[in-house]
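Heads up: the structure comes next, in structure tokens.
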Amino acid sequence: MGRRVLLLVCGALVLAAPAASAPKVPPLLFPVAGPTTYEDDFGQPRPGGMHQGNDLLAAKKTPAIAVESGKVELWTTSANAGCMLYLHGDSGTTYEYIHLNNDLTMQNDNRGKCVAGVAYAKGLKNGAHVTAGQQIGYEIGRASCRERV
């Protein structure tokens, strides 16, 4: 079983210890390609329990990028995380990008869907292999991230 890392495009979290014989993880890229702020809010109380991440906050529709090369798995049915995807890294580590954009405008309109061009990078398809640094999604934005976490 590989490692599992959660990247809330509004936060990041390591979910599990490294596997016994997993390949070496390459140097990782920062998951947001633009000005970003973050705070250590790991473990803070939230409606569903203790927060299991650290929020990374950037302007709405800032590109989210692949931290390492790997295969993407689009995930569109999370009630709490909204639009999200898994990046199954070539190293054996899985990264979760959650709270991706679902707005058609620059407002918090919630009229978009978890589809390429709104939540995911234009043209991105489920099962696609991506390279480190390639755009895979869009940030939900500072205000909306706070409202939806």
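Whatever position you read off the sequence shown (first residue = 1), add 540 for this note's numbering.
Each residue gets a CB set at the ideal place from its N, CA and C atoms; glycine is no exception.
Put simply, of A619, G632, N642 and I605 the residue whose alpha carbon is nearest the alpha carbon of V670 is I605. Distances from the CA of V565 to each of G583, G588, G610 and A668 were compared; the closest alpha carbon is that of G610.
The three-state reading of DSSP puts C654 in coil, since its state is none of H, G, I, E or B. Counting the other Cβ atoms within 10 Å of the Cβ of L596 gives 16 or more, which makes it buried. By the criterion of at least three beta-carbon pairs nearer than 8 Å, the stretch 645-652 is not in contact with the stretch 566-586. Taking C-alpha positions only, M590 is separated from D581 by approximately 10 Å.
With a beta-carbon spacing of about 6 Å, M624 and L640 fall inside the 8 Å limit used to define contacts.
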